[in-house]
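Asks:
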Amino acid sequence: MKILLVTTTDKLAEKLAVLNPELEYCAIVVDEVEPAKEILPNVGLSQDLIYPMEELKNCVENLQYDYVLCLQDRFYNEQILKLKMPSLPKEKIVSFATLPTTKNFMTKRRLKYYQAHSQEIEMFATGTSTTEAAIDIRNFKYKAINFAESSQDLYYNFLIAKDIISYGGEHNKLRYALIGLAPYSFHFDLSKTFMFKCRVLLYFIAFNDLHNFPVPLDIYKKFFRENWSNRKLSIAKVNINGVKSHRVIAKQDIVKVHPKTWAKKSYPETRDENIKILDDYLTLCEENNVRPIMFRVIVSEKYMKNFNPNLLEEFNCIVEQACEKHPSACFVDGWKLQGFTYDDFYDHGHMNIHGAAKFSAYLSGFIEGLETKEH
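Quick note, the working numbering runs 1023 ahead of the 1-based positions in the sequence shown.
Okay, here's the thing in structure tokens:
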């Protein structure tokens, strides 16, 4: 398999050590040429493979390769997008976050942490970065773990739920599943989204699964050195609470909000699949005596006012139907909560640590209210 590699020179030797030594490189495009030329002979590669970033377009147009492999996050994806070359289909572009890094193993490490503490944990949360930022596990009555992650779609949320609910069978202690939903959740498929598909690597490592990723699983595996993704992982210092920020929206940014109007791209198949996934998620919870609490995380007032009303109406309809079908499921609409200000957010779509404490305290009170009614 012939590769056009695009990366920074920083830690180049470590990155190449992660990749399959049988890969054939037609070129390695870097930001710093001279340091890269010093590195390549030490890893058994020719200096002639090195090209500067300004020659990326020429390499893409004139060299022969099977895939363009980007070892950085979105920056180099954006560089390739700017080239605007119809001769380079998106299916031939594979991107990973910088390798090697413990962040690529975050989902797997959290799963291992749960397995080690399954007799203590009674609640878990899944969702995208909005949920990751908004759930503060310190504000709940029961010990919890936050599995939410940036751009984590419903499919991978469900895989996480299946993994932890099935672990230990009837002996696990889980009581509640906090299912964070965004208004675009039913139209979002991480594996189809070009700008974020580098994050699929987390779930390849955790589940050996790529969902609808355009590169076949057997090919994707060939990018890596054998057993790299199966290495032993420490759960010491693993973050089970998600990323929390102390920042607040800067005054100059309060009026700058551009929420994704996902309705511009209608993906009926993605929507239908995600509706089925949510149904399966709720069924899984019901069959295992785990009560599902769906919620829409509160966002800034500007964000709510600018969001597409048709998408909101569709979202509300889908959630309402899900609650009708699954009597144990609840839905908390954070967009209707009062008492939150711009000081509770670090940007228009994500809560800071103060907002997370307030929102989590509300959810905790909601759950305690459910328990009071049941008794």
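No residue lacks a Cβ here, since even glycine has one placed at the ideal position from N, Cα and C.
1. If you compare alpha carbons, which of VAL1238, ARG1198, ILE1258 and ILE1272 is closest to LYS1126?
2. Beta carbon of GLU1193, beta carbon of LYS1166: below 8 Å?
3. Taking the beta strand (DSSP E) that ILE1316 belongs to, which residues open and close that run?
4. Is the region 1172–1188 close to the region 1145–1156, with three or more CB pairs under 8 Å?
5. Give me the residue from LEU1035, PHE1382 and LEU1046 with the minimum Cα distance to VAL1355.
6. Classify SER1323: buried if its beta carbon has 16 or more other beta carbons within 10 angstroms, exposed otherwise.
7. Look at the alpha carbon of ILE1051 and the alpha carbon of LEU1092, and state the distance between them as a whole number of angstroms.
8. State yes or no: is the C-beta of ASP1186 within less than 8 Å of the C-beta of LEU1134?
9. What does the alpha-carbon distance come out to for the pair GLU1078 and THR1149?
10. Indicate the three-state DSSP secondary structure (helix, strand or coil) for ALA1200 in the structure shown.
11. Kindly indicate the opening and closing residues of the beta strand (DSSP E) around GLU1337.
12. Hey, could you find the ends of the beta strand (DSSP E) ASN1169 is sitting in?
13. Closer than 8 Å by C-beta to ILE1376: which residues in its own chain qualify, once you throw out the five before and the five after it? Chain order, please.
14. Any idea what DSSP makes of PHE1230, helix, strand or coil?
15. Out of ARG1294, PHE1163, GLY1378 and GLU1061, state which residue places its alpha-carbon closest to the alpha-carbon of ILE1272.
16. If we ignore side chains and look at the alpha-carbon of each, how far apart do PHE1219 and LEU1213 end up?
17. Grouping DSSP H, G and I as helix and E and B as strand, with all else coil, what is GLU1084?
18. Along the beta strand (DSSP E) that carries PHE1217, what are the first and last residues, could you check?
19. Beta carbon of ILE1228, beta carbon of ILE1298: below 8 Å?
20. CB GLU1410 to CB THR1032, shorter than 8 Å?
21. Please name the residue, chosen from TYR1385, LEU1393 and TYR1365, that lies closest to GLN1275 on a Cα-to-Cα basis.
22. Ends of the alpha helix (DSSP H) at LYS1113?
23. If you follow the beta strand (DSSP E) that LEU1027 is in, where does it begin and where does it stop?
24. Does DSSP put GLU1143 in a helix, in a strand, or in coil?
25. With a threshold of 16 other CB atoms inside 10 Å of the CB of HIS1210, please say whether the residue is buried or exposed.
26. So what does DSSP say about PRO1064, is it helix, strand or coil?
27. According to DSSP, is THR1032 part of a helix, a strand, or is it coil?
28. Can you give me the C-alpha to C-alpha distance between LYS989 and CYS1308, rounded to a whole angstrom?
29. Can you give me the Cβ contacts of ARG1222 inside the same chain, cut-off strictly under 8 Å, excluding the 5 residues immediately before and after it?
Replies: According to the data block:
1. By alpha-carbon distance to LYS1126, the top candidate from VAL1238, ARG1198, ILE1258 and ILE1272 is ILE1258.
2. No, these two residues do not count as a Cβ contact at 8 Å.
3. Secondary structure note for ILE1316: its beta strand (DSSP E) is the uninterrupted segment 1314–1319.
4. In short, these stretches touch, since the Cβ pair count reaches three.
5. When LEU1035, PHE1382 and LEU1046 are compared, the shortest CA-CA separation from VAL1355 is found for PHE1382.
6. Buried: at least 16 other Cβ atoms inside 10 Å.
7. Near 10 Å, if we compare the C-alpha coordinates of LEU1092 and ILE1051.
8. For the 8 Å CB-CB criterion, ASP1186 and LEU1134 form a contact.
9. Cα to Cα, the separation comes out at about 42 Å.
10. Three-state result, ALA1200: strand.
11. No beta strand (DSSP E) contains GLU1337, which is instead part of the alpha helix (DSSP H) from 1332–1348.
12. Unbroken beta strand (DSSP E) run through ASN1169: 1167–1169.
13. For ILE1376, where only same-chain residues beyond five positions count, the Cβ hits under 8 Å are ASP1159, LYS1267, SER1268 and HIS1269.
14. Annotated three-state conformation of PHE1230 is helix, per DSSP.
15. The closest CA to that of ILE1272, considering only ARG1294, PHE1163, GLY1378 and GLU1061, is found on GLY1378.
16. Their backbone Cα atoms lie some 7 Å apart in a straight line.
17. It is helical.
18. Premise fails: PHE1217 is in no beta strand (DSSP E) and is neither H nor E.
19. No, these two residues do not count as a Cβ contact at 8 Å.
20. Examination of residue 1410 is not possible in this model, given that the chain is present from 1024 through 1398 alone.
21. Answer by Cα proximity: TYR1365.
22. For LYS1113, there is no enclosing alpha helix (DSSP H), as DSSP marks it with neither H nor E.
23. Per DSSP, LEU1027 belongs to the beta strand (DSSP E) from 1025–1029.
24. Note: GLU1143 maps to coil in three-state DSSP.
25. Per the 10 Å Cβ criterion, buried.
26. Helix.
27. DSSP places THR1032 in coil when its eight states are reduced to three.
28. The chain is shown only over 1024 to 1398; residue 989 falls outside these bounds and no answer can be derived.
29. Excluding five sequence positions before and after ARG1222, the CB atoms of its chain that fall closer than 8 Å to its own CB belong to ALA1120, GLU1172, SER1173, SER1174, GLN1175 and LEU1213, given in chain order.
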